[in-house]
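Residue numbers (the numbering used here), protein chains in the order written: chain S, 37 to 377; chain E, 20 to 96.
Reading through the structure tokens given below for one structure.
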Amino acid sequence: MSLRAVHYLNQFFAGVGGEEAAGSPPARREGAVGPGRRLQAMLGDAVRIVATVHCGDDRAASDPGAARAILQLAGDADLIIAGPAFGSGRYGIACARVAAAAVAAGGRAIVSMHEDNPGAVEAGAAPVVLSLETARGMEESLRRLAHAVSAIAAGDALSSVDHVLVRAVRGNRLADRCAAERAVDLLLARLHGDRAATEIAISGFGRVTPAPPVADPGSAVVALVTEGALVPQGNPDRLESARARRWLRYSLAGRSGLAAGEFESVHGGFSTVLANADPHRILPLDVAREMEAEGRIGRLHDEYLVTAGNGTHVATAAGFGVEWAAELRRANVQAAILTAT
Amino acid sequence: MLCNLVPIALSVGAPRVVPTRGIQFPSGDPSLSAAEERSWRRRLLETALRAVSTAVSGPTVFDPAEVGGAAAVGGAG
Numbered sequence: 037m038s039l040r041a042v043h044y045l046n047q048f049f050a051g052v053g054g055e056e057a058a059g060s061p062p063a064r065r066e067g068a069v070g071p072g073r074r075l076q077a078m079l080g081d082a083v084r085i086v087a088t089v090h091c092g093d094d095r096a097a098s099d100p101g102a103a104r105a106i107l108q109l110a111g112d113a114d115l116i117i118a119g120p121a122f123g124s125g126r127y128g129i130a131c132a133r134v135a136a137a138a139v140a141a142g143g144r145a146i147v148s149m150h151e152d153n154p155g156a157v158e159a160g161a162a163p164v165v166l167s168l169e170t171a172r173g174m175e176e177s178l179r180r181l182a183h184a185v186s187a188i189a190a191g192d193a194l195s196s197v198d199h200v201l202v203r204a205v206r207g208n209r210l211a212d213r214c215a216a217e218r219a220v221d222l223l224l225a226r227l228h229g230d231r232a233a234t235e236i237a238i239s240g241f242g243r244v245t246p247a248p249p250v251a252d253p254g255s256a257v258v259a260l261v262t263e264g265a266l267v268p269q270g271n272p273d274r275l276e277s278a279r280a281r282r283w284l285r286y287s288l289a290g291r292s293g294l295a296a297g298e299f300e301s302v303h304g305g306f307s308t309v310l311a312n313a314d315p316h317r318i319l320p321l322d323v324a325r326e327m328e329a330e331g332r333i334g335r336l337h338d339e340y341l342v343t344a345g346n347g348t349h350v351a352t353a354a355g356f357g358v359e360w361a362a363e364l365r366r367a368n369v370q371a372a373i374l375t376a377t
Numbered sequence: 020m021l022c023n024l025v026p027i028a029l030s031v032g033a034p035r036v037v038p039t040r041g042i043q044f045p046s047g048d049p050s051l052s053a054a055e056e057r058s059w060r061r062r063l064l065e066t067a068l069r070a071v072s073t074a075v076s077g078p079t080v081f082d083p084a085e086v087g088g089a090a091a092v093g094g095a096g
């Protein structure tokens with residue numbers, strides 16, 4: 037008896053379309069589609085891909101209800117397979133959320149993406165099989181995924197040998213030597229040319245692909261966004277001042293400026309006295325409105341997006357970036373001006 | 020991206036960076052008079068618009084000092 041799997045793909049790999057279809061809603065097709073066909077061939081009889089569910093990347097990454105809608109379309113599958121998403125941020129986040137939601141609901145799921153994908157930390161209890169960085173590595177990525185899926189079907193445990201991401205767990209333990217001795221050892225190692233020695237490995241930042249230039253700002257929709265934690269006075273939505281896990285949005289509609297006492301920064305990483313005396317020092321709404329009136333800016337987006345960039349995990353921040361980009365694209369914003377403290 | 024910590028912005032790969040004058044005020048400068056500060060903010064946004072209109076292949080700094088005539092448009096004093 038074979039395992040009944042449902043495969044999740046984005047709009048591109050499902051053959052729906054490219055960026056013009058990034059807002060397409062969740063939909064289901066029977067059987068394997070696109071890379072799912074190759075995956076099915078590798079899986080043989082033990083696992084059968086009974087259906088494919090797909091959704092546009094912007095929709096899946098920015099609509100909070102998308103993962104639930106995708107799971108409903110998946111129905112009563114024994115296993116959800118998502119990806120490979122490679123290094124693609126929106127796709128990776130969508131795959132991770134679908135898998136995490138499936139496992140949280142008592143089901144089984146597995147995700148495939150590159151280890152630097154911001155979605156890798158959002159997969160919850162679902163295993164992440166590491167794919168290569170781009171779709172050029174499709175064959176090898178599918179091979180790894182098929183191996184891991186077959187192991188799940190056979191009831192075997194997965195490990196790093198199966199290219200499954202092993203999440204680093206931080207915990208307390210008693211060191212045999214004091215911090216000063218360990219620090220001096222690291223310093224000596226560095227002086228001897230070992231530049232990699234560390235007790236806390238910092239992950240790389242990956243790459244940011246620059247957006248193409250805006251042809252004419254005078255006819256573009258421009259958004260103001262900030263990590264300066266500028267919120268309405270009193271912080272009604274309780275934005276965290278450090279290690280933020282979320283971001284917020286506030287309306288700028290009908291507003292020509294930000295008066296002291298109406299907005300404040302709750303950023304915990306610097307003194308906010310100067311920002312609170314004039315919130316335009318964090319969000320330049322006054323001048324942006326002036327330039328909008330002069331036609332230098334086509335139109336200002338009628339809300340600003342905000343978080344607190346203070347001790348934020350890189351993966352969390354990268355995830356915010358992906359969500360903001362999807363959100364702004366959905367609102368037809370062509371350029372964003374980010375003020376960063 | 021308007022920020023003061025330009026080396027960090029470049030190290031994390033921010034494609035278009037406009038240097039500003041202090042961590043606590045990315046779009047201001049409290050050492051100036053109110054009118055001068057607004058003019059400086061105008062200059063920063065002029066530079067930001069120049070940045071988003073320019074093709075870049077990797078992290079690039081756009082110097083607000085290079086915006087021609089922006090200070091006059093902003094109406095300093």
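Ideal Cβ placement from N, Cα and C applies to all residues, glycine included.
Within chain S, partners of residue i - CB distance below 7 Å
i	result
Phe44(E)	Leu310, Ala311, Arg317
Leu51(E)	By Cβ distance, chain S contributes nothing, its closest Cβ being about 11 Å from Leu51(E), past 7 Å.
Val40(E)	Looking at the sequence provided, one finds Arg at residue 40(E) rather than Val. What Arg40(E) touches in chain S: nothing, since even the nearest Cβ is about 10 Å away.
Val71(E)	Pro249, Val250, Pro253, Ala371
Residue i and residue j closer than 8 Å at C-beta
i	j	result
Glu151(S)	Phe122(S)	no
Ile116(S)	Ala135(S)	yes
Gly334(S)	Val267(S)	no
Arg366(S)	Gly59(S)	yes
Ala251(S)	Leu364(S)	no
Ala351(S)	Val147(S)	no
Leu24(E)	Leu374(S)	no
Pro71(S)	Phe48(S)	no
Asp114(S)	Asn46(S)	no
Pro34(E)	Val80(E)	no
Thr39(E)	Leu64(E)	no
Leu222(S)	Ala211(S)	no
Val52(S)	Ala87(S)	no
Ala354(S)	Gly125(S)	yes
Closest residue to residue i among the options (Cα-Cα distance)
i	options	result
Ala372(S)	Val80(E), Ala53(E), Val36(E)	Val36(E)
Ala190(S)	Thr377(S), Ala82(S), Asp314(S)	Ala82(S)
Ala145(S)	Gly160(S), Gly155(S), Asn153(S), Gly70(S)	Gly160(S)
Ala344(S)	Asp338(S), His43(S), Phe356(S), Leu336(S)	Phe356(S)
Glu339(S)	Thr308(S), Glu298(S), Leu284(S)	Leu284(S)
Glu359(S)	Arg209(S), Pro154(S), Thr377(S), Gly254(S)	Pro154(S)
Phe299(S)	Arg332(S), Ala265(S), Phe306(S), Val244(S)	Ala265(S)
Gln269(S)	Ala280(S), Thr234(S), Cys131(S), Asp314(S)	Asp314(S)
Leu181(S)	Gly92(S), Pro120(S), Ala102(S), Ala138(S)	Pro120(S)
Leu201(S)	Gly305(S), Ser167(S), Ala50(S)	Ser167(S)
Gly297(S)	Thr308(S), Ser287(S), Gly304(S)	Thr308(S)
Ser98(S)	Ala361(S), Gln370(S), Val369(S)	Ala361(S)
Ala67(E)	Ala329(S), Glu330(S), Ala324(S), Thr377(S)	Ala324(S)
Ala68(S)	Pro61(S), Gly80(S), Ala57(S)	Gly80(S)
Ala295(S)	Ala311(S), Leu275(S), Pro62(S)	Ala311(S)
Arg133(S)	Thr348(S), Leu319(S), Leu107(S), Ile188(S)	Leu107(S)
Ala137(S)	Ala102(S), Ser124(S), Gly125(S), Arg126(S)	Ala102(S)
Ala376(S)	Val261(S), Gly304(S), Asn271(S)	Val261(S)
Ile85(S)	Met149(S), Met174(S), Val185(S), Pro100(S)	Val185(S)
Ser277(S)	Thr348(S), Asp230(S), Pro100(S)	Thr348(S)
Gly32(E)	Pro246(S), Glu330(S), Val302(S), Ala171(S)	Pro246(S)
7 Å Cβ cut-off: residues of chain E touching residue i
i	result
Ser307(S)	Gln43
Gly264(S)	Pro45
Val323(S)	Arg57, Arg60, Arg61, Leu64
Ala295(S)	Those within 7 Å of Ala295(S) in chain E number zero; the least Cβ separation is about 14 Å.
Ala63(S)	Per Cβ cutoff of 7 Å: no residues; Ala63(S) is ~34 Å from chain E at best.
Beta-ladder partner(s) of residue i, from DSSP
i	result
Tyr44(S)	Val89(S), Ala118(S)
Met149(S)	Leu166(S)
Glu176(S)	BP columns for Glu176(S) are empty, so no partner.
Pro38(E)	Cys22(E)
Ile27(E)	Looking at the DSSP assignment, Ile27(E) forms no beta bridge with any residue, so it has no partner.
Ala63(S)	His90(S)
Ala372(S)	Ala259(S)
Pro401(S)	Outside the shown range of chain S, which is 37 to 377, sits residue 401(S), and nothing can be said about it.
Leu284(S)	Val342(S)
Leu39(S)	Val83(S)
Val80(E)	Val36(E)
C-beta neighbour in chain A for residue i, strict 8 Å
i	result
Ala33(E)	The structure shown contains no chain A; its protein chains are S and E.
Contacts that residue i makes with chain S (C-beta to C-beta distance below 9 Å)
i	result
Ala74(E)	Pro246, Pro248, Pro249
Proximal residues of chain E, C-beta to C-beta of residue i below 8 Å
i	result
Asp273(S)	Near Asp273(S) there are no residues of chain E at all, since even the closest Cβ is about 22 Å away, more than 8 Å.
Thr377(S)	Cys22, Asn23, Ile42, Gln43, Pro45
Proximal residues of chain S, C-beta to C-beta of residue i below 8 Å
i	result
Ala67(E)	Ile373
Interface partners of residue i on chain E, CB under 9 Å
i	result
Asp314(S)	Phe44, Gly47, Pro49, Ala53, Glu56
Met327(S)	Arg61, Leu64, Glu65, Leu68
Arg231(S)	Result: empty, since nearest Cβ-Cβ is about 16 Å, beyond 9 Å.
Near the ligand SAM: residue i beta-carbon under 7 Å from a heavy atom
i	result
Pro249(S)	This structure lacks the ligand SAM; in fact it carries no ligand of any kind.
Minimum length 4: unbroken alpha helix (DSSP H) runs contained in the segment 287 to 360 of chain S: Entirely contained in the segment 287 to 360 of chain S, the alpha helix (DSSP H) runs reaching 4 residues are, in chain order, 309 to 313, 321 to 329.
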